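J.: Read top to bottom, the protein sequences are chains A and B. Heads up, the working numbering is the position in the first sequence plus 913, with the first residue counted as 1. Heads up, the working numbering is the position in the second sequence plus 128, with the first residue counted as 1. Pasting a structure here, questions to come.
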Amino acid sequence: MEQHDLATVNQEHLTAWDRVLRARQPQRPHTLDYVFALCEEFVELHGDRRFGDDPAVVGGLAAFGERTVVVIGHQKGSDTRENMRRNFGMPHPEGYRKALRLMRHAEKFGLPLICFVDTPGANPNKESEERGQANAIAECIQAMTNLRTPIVAAVIGEGGSGGALAISVGDRILMQENAIYSVASPEAAASILWRDAARAPDAASALKLTAQDLYALEIIDEVVPEPPGGAHLNPQEAITTLGERIRAHLDEVCAVDLPTLLERRYAKYRSMGRYQELADVLLRSVRRG
Amino acid sequence: MKELFRRSRKSFSSAEITEQAQIPDDLWVKCSACREIIYKKQLYDNLKVCPKCGHHMRMSAHEWLGLLDVGSFSETDVHLLPTDPLGFVTPDESYAIKLKKSQQRTGMADAVVAGVGSINGVVLALGVGDFSFMGASMGSVYGEKMARAAERAAEMGIPLLTINTSGGARQQEGVIALMQMAKVTMALNRLAAAGQPHIAVLVDPCYGGVTASYPLVADIIIAEPGANIGFAGKRLIEQIIRQKLPAGFQTAEFMLEHGMIDMVVPRNELRDVLARLLRHYDRRRQSERLAASQAAYANGRP
Ligand SMILES: [Zn+2]
């Protein structure tokens, strides 16, 4: 695993909130920017075959280097009009069911899966609940835990809670330098735990949602550098750098035989969590004390 | 644990519940749904279901153990204790202190009780959430206990029963908490490979990261009448759509109507329904064993 000394990559000292703002920068490259720049012969596939076609999730077949891969990603817009159409990258259940269908497609044809994560979260509205948002996310997670093909996921902007996890369980999880990944939005956490949404910058810092934090916590596999000032200032360089790193990780996971890969994926997620485990004797003394 | 089940009941042992009812200082309780004043003993004898309106009140994890055969439960993984991996501090209190207070108040290490027990003699692994411990939010200990319950069930070749209530992933553990959704789901693959069922019971309330992970991909999903179940909280949705949600939105009945769960089962019938389901899987195993022994006999290797 490569370690980048971020202080030397760009001479900045950024707070967690600075990263949040950069992660949300509308001019950051989004999923389709990466796909069109890094892949050839992209064929977008539509629809979940059950209800509809969610514009907040895109995916399809693409040539990435010498490999054909399946790509799936949340899709934000770069302007208001596009964002309205894409629902700001917040999927409805049919978005996750489209993703699920594409995961199965990748598995069926032995194609590696590349996922781009960029969502504030799964869409919280009435229709999403009626159509089973929880079930749609749960099914994606379940599929990815034992999908019989290599999976590399990259967080390219916002990794918003369960709605992000639904397409980012895999063999390698990368995050761009200014991307964030969080159990809850800083605003939501601030309004619950600080009782004031305006305290979002404090919540952002407490939640340890930056790529640097999550690398230190061994949740992600690599922090991918961005151009000075952030990906939005030089999208082409950001895209090229991430493309190289995805390529390197894909080469590694594709070289591993499938049973070993699945065993490693099991071990990777099974080991996530921080707890203490006391021996019986010790526990009794703790309870007495 | 055995002392909890001094009394055996036809459908559901409420020994532990009745024990609490003997506390003399508040003999009467008010039903939060119909506002009726109920004699506490009557309420607890009725498995904490309001005798007037049928409202299902919340049960502690230990109260839920009354679902099992008397004396059959043995708790596992009691040594798992939560930590404060992020050093999470808010102006009100730190996560470390909040944990300590919750532990003192509830007598639990964290929000899940796990173990092995039986229902009508069928042995199963069990994981039960307790809403009184930090809203049964899913952190590392919650995830680890559920994952181990699934792996234990797989190893022992027995079904897994989870009773789920939660406010969602535990924010104080950040993305580590989020990853528990994947971890428990991962462990359930072992159970599936072992050919054993996961039966999930959803009780009030069940939201967020817990709903959106292992319970909703269970083989059988049961919910209690009136239980609030959903992904996003009602208040959040109302804020966003700027209108009131209809009555009955995100209830167990709503989930049934929208095809998300198998059935809504009142608490006093739950044990019988579980017993019947477990018999089906158990009968299947018996016929498999019979077929295996007949095949062995036919091959001259009895
Ligand atoms: Zn009532």
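Just so you know, even glycine gets a beta-carbon here, dropped at the ideal spot from N, CA and C. Only a predicted model underlies this, so the values are computations on that prediction, with no experimental measurement involved.
DSSP state of residue 326 of chain B, grouped into three classes?
T.: By one-based count along the second sequence, residue 326 of chain B stands at place 198. In the structure shown, residue 326 of chain B falls within a strand segment according to DSSP collapsed to helix, strand and coil.
J.: Looking at chain A, is there any beta carbon in it that lies within less than 8 angstroms of the beta carbon of residue 149 of chain B?
T.: As a working note, residue 149 of chain B is residue 21 in the second sequence. Because residue 149 of chain B carries a pLDDT of 47, less than 50, the predicted location of this residue cannot be relied on, and no value is offered for it.
J.: Pick out whichever of A:1074, A:950, A:1131 has its Cα sitting closest to the Cα of residue 1216 of chain A.
T.: Missing from the structure shown is residue 1216 of chain A; chain A here goes from 914 to 1202 and no further.
J.: Could you say which of A:1064, A:1036, A:1148 lies nearest to residue 1024 of chain A if we only look at CA atoms?
T.: In the first sequence, residue 1024 of chain A corresponds to position 111, counting from 1. Ranking the options by Cα distance to residue 1024 of chain A, first place goes to A:1064.
J.: Got a sec: does ligand 1 put a non-hydrogen atom nearer than 7 angstroms to the Cβ of residue 326 of chain B?
T.: As a first step, residue 326 of chain B must be located in the second sequence, where it is residue number 198. Taking 7 angstroms as the cut-off, the C-beta of residue 326 of chain B does not count as close to any heavy atom of ligand 1.
J.: Mind checking which residues open and close the alpha helix (DSSP H) that includes residue 1006 of chain A?
T.: Locating residue 1006 of chain A in the first sequence gives position 93, where the first residue counts as 1. 1006-1021 is the span of the alpha helix (DSSP H), which, as asked, contains residue 1006 of chain A.
J.: In chain order, which alpha helix (DSSP H) runs of at least 4 residues are fully inside the segment 268-333 of chain B?
T.: Taken in chain order, the unbroken stretches of alpha helix (DSSP H) that lie wholly in the segment 268-333 of chain B and span 4 residues or more are 268-284, 302-321.
J.: Under 8 angstroms, do residue 868 of chain A and residue 1087 of chain A count as touching if we go by C-beta distance?
T.: Limits of chain A in this structure are 914 at one end and 1202 at the other, which puts residue 868 of chain A out of reach.
J.: Give, in chain order, every residue of the segment 1047-1074 of chain A whose Cβ lies closer than 9 angstroms to some Cβ of chain E.
T.: In the structure shown, chain E does not exist; the protein chains are A and B.
J.: Measuring only from the beta carbon, is residue 362 of chain B closer than 7 angstroms to any heavy atom that is part of ligand 1?
T.: Taking the first residue of the second sequence as position 1, residue 362 of chain B is located at position 234. Not under cutoff, so the answer is no.
J.: Hey, is residue 242 of chain B's beta-carbon within less than 8 angstroms of any beta-carbon in chain A?
T.: Within the second sequence, residue 242 of chain B is the residue found at index 114, counting from 1. For residue 242 of chain B, the answer is no, since every Cβ of chain A falls outside 8 angstroms of its Cβ.
J.: With residue 360 of chain B and residue 968 of chain A assumed to form a contact (beta carbons below 8 angstroms), what rounded beta-carbon distance in angstroms separates them?
T.: Indexing the second sequence from 1 puts residue 360 of chain B at position 232. Indexing the first sequence from 1 puts residue 968 of chain A at position 55. Wrong, their Cβ atoms sit about 20 angstroms apart, outside the cutoff.
J.: Would you kindly work out how many angstroms separate the C-alpha atoms of residue 399 of chain B and residue 324 of chain B, rounded to a whole number?
T.: Numbered from its first residue, the second sequence carries residue 399 of chain B at position 271. Numbered from its first residue, the second sequence carries residue 324 of chain B at position 196. If you take the alpha carbons of residue 399 of chain B and residue 324 of chain B, they lie about 19 angstroms apart.
J.: Taking only beta-carbon positions, decide if residue 232 of chain B is within less than 8 angstroms of chain A.
T.: Counting from one through the second sequence, the residue named residue 232 of chain B turns up at place 104. Judged by the 8 angstroms Cβ criterion, residue 232 of chain B is not in contact with chain A.
J.: Flag residue 1020 of chain A as yes if its beta-carbon sits less than 8 angstroms from any beta-carbon of chain B, otherwise no.
T.: As a working note, residue 1020 of chain A is residue 107 in the first sequence. Chain B contact via Cβ: absent.
J.: Residues of chain A with CB closer than 7 angstroms to the CB of residue 269 of chain B, please, in chain order.
T.: Residue mapping note: residue 269 of chain B aligns to position 141 of the second sequence, counting from 1. Those within 7 angstroms of residue 269 of chain B in chain A are 1188.
J.: Could you tell me whether the segment 1053-1063 of chain A touches the segment 1160-1179 of chain A, using the rule of 3 or more Cβ pairs below 8 angstroms?
T.: yes
J.: Are the beta-carbon atoms belonging to residue 269 of chain B and residue 209 of chain B less than 8 angstroms from one another?
T.: As a first step, residue 269 of chain B must be located in the second sequence, where it is residue number 141. As a first step, residue 209 of chain B must be located in the second sequence, where it is residue number 81. Going by C-beta atoms, residue 269 of chain B is nearer than 8 angstroms to residue 209 of chain B.
J.: By the 10 Å Cβ neighbour count, where 16 or more other Cβ atoms means buried, how is residue 424 of chain B classified, buried or exposed?
T.: For this step, residue 424 of chain B is matched to residue 296 along the second sequence. Counting Cβ neighbours within 10 Å, residue 424 of chain B comes out exposed, since fewer than 16 surround it.
J.: Which bits of chain A does residue 293 of chain B rub up against, with CB to CB less than 9 angstroms?
T.: Residue mapping note: residue 293 of chain B aligns to position 165 of the second sequence, counting from 1. For residue 293 of chain B, no chain A residue has a Cβ inside 9 angstroms of its Cβ, as the nearest lies near 14 angstroms away.
J.: Report the option in A:996, A:994, A:1085, A:986 whose CA atom is closest to the CA atom of residue 1010 of chain A.
T.: As a working note, residue 1010 of chain A is residue 97 in the first sequence. That would be A:986, whose Cα lies nearest to the Cα of residue 1010 of chain A.
J.: For residue 356 of chain B, go through chain A and note every residue whose CB falls closer than 9 angstroms to its CB, in chain order.
T.: Within the second sequence, residue 356 of chain B is the residue found at index 228, counting from 1. Within chain A, no residue comes near residue 356 of chain B; the closest Cβ sits about 11 angstroms away, beyond 9 angstroms.
J.: Please decide whether residue 368 of chain B counts as near chain A, where near means a Cβ-Cβ distance under 8 angstroms.
T.: Sequence index remark: in the second sequence, residue 368 of chain B carries index 240 (1-based). Answer yes: the Cβ-Cβ gap between residue 368 of chain B and chain A drops below 8 angstroms somewhere.
J.: Looking at the strands, I want to know which residues DSSP matches up with residue 981 of chain A.
T.: Residue 981 of chain A sits at position 68 when you count from the first residue of the first sequence. DSSP, once it has assigned bridges, lists A:976 as partnering residue 981 of chain A.
J.: Can the beta-carbon of residue 252 of chain B be found closer than 8 angstroms to that of residue 288 of chain B?
T.: Position 124 of the second sequence, counting from 1, holds the residue named residue 252 of chain B. Position 160 of the second sequence, counting from 1, holds the residue named residue 288 of chain B. Cβ distance < 8 angstroms, so residue 252 of chain B and residue 288 of chain B count as in contact.
J.: Opposite residue 1067 of chain A in the DSSP bridges: which residues?
T.: On the first sequence, residue 1067 of chain A is found 154 positions in, with the first residue counted as 1. Answer is A:1029, A:1087.
J.: Hey, residue 243 of chain B and residue 202 of chain B are a contact pair by Cβ (cut 8 angstroms); roughly how many whole angstroms apart?
T.: As a first step, residue 243 of chain B must be located in the second sequence, where it is residue number 115. As a first step, residue 202 of chain B must be located in the second sequence, where it is residue number 74. That belief holds up - the Cβ atoms of residue 243 of chain B and residue 202 of chain B are roughly 5 angstroms apart, short of 8 angstroms.
J.: Can you tell me whether residue 1159 of chain A is buried or exposed, with buried defined as 16 or more other CB within 10 angstroms of its CB?
T.: Position 246 of the first sequence holds residue 1159 of chain A. Under this definition residue 1159 of chain A is a buried residue.
J.: Alpha carbon to alpha carbon, how far is residue 929 of chain A from residue 1122 of chain A?
T.: The residue labelled residue 929 of chain A in the question sits at position 16 within the first sequence. The residue labelled residue 1122 of chain A in the question sits at position 209 within the first sequence. For residue 929 of chain A and residue 1122 of chain A, the distance between alpha carbons rounds to 7 angstroms.
J.: Since residue 202 of chain B sits in a beta bridge, which residues does DSSP pair it with?
T.: The count along the second sequence starts at 1 and reaches residue 202 of chain B at position 74. DSSP, once it has assigned bridges, lists B:244 as partnering residue 202 of chain B.
J.: Quick one: Cα of residue 1139 of chain A to Cα of residue 1154 of chain A, how far?
T.: Within the first sequence, numbered from 1, the residue matching residue 1139 of chain A stands at position 226. Within the first sequence, numbered from 1, the residue matching residue 1154 of chain A stands at position 241. Computed Cα separation, rounded: 8 angstroms.
J.: Can you name the residues of chain A whose CB is closer than 7 angstroms to the CB of residue 341 of chain B?
T.: The residue given as residue 341 of chain B occupies position 213 in the second sequence. Within 7 angstroms Cβ-Cβ: 1051, 1054.
J.: Where do the N-terminal and C-terminal ends of the alpha helix (DSSP H) with residue 228 of chain B fall, by residue?
T.: Here residue 228 of chain B refers to the residue found at position 100 when the second sequence is read from its first residue. Going by DSSP, residue 228 of chain B is part of the alpha helix (DSSP H) stretching over 223-234.
J.: Rounded to whole angstroms, what's the CA-CA distance from residue 135 of chain B to residue 197 of chain B? Just pull it up for me.
T.: Numbered from 1 along the second sequence, position 7 holds the residue referred to as residue 135 of chain B. Numbered from 1 along the second sequence, position 69 holds the residue referred to as residue 197 of chain B. Because residue 135 of chain B sits at a pLDDT of 37, beneath the cut-off of 50, its placement in the model cannot be relied upon, and the following sentence gives the value as read from the coordinates. If I take the Cα positions, the gap works out to 10 angstroms.
J.: Could you have a look at residue 185 of chain B and say whether DSSP puts it in helix, strand or coil?
T.: On the second sequence, residue 185 of chain B is found 57 positions in, with the first residue counted as 1. Residue state, collapsed to three classes: coil.
J.: Can you name the residues that DSSP bridges to residue 1189 of chain A?
T.: Taking the first residue of the first sequence as position 1, residue 1189 of chain A is located at position 276. Bridge partners of residue 1189 of chain A: B:209.
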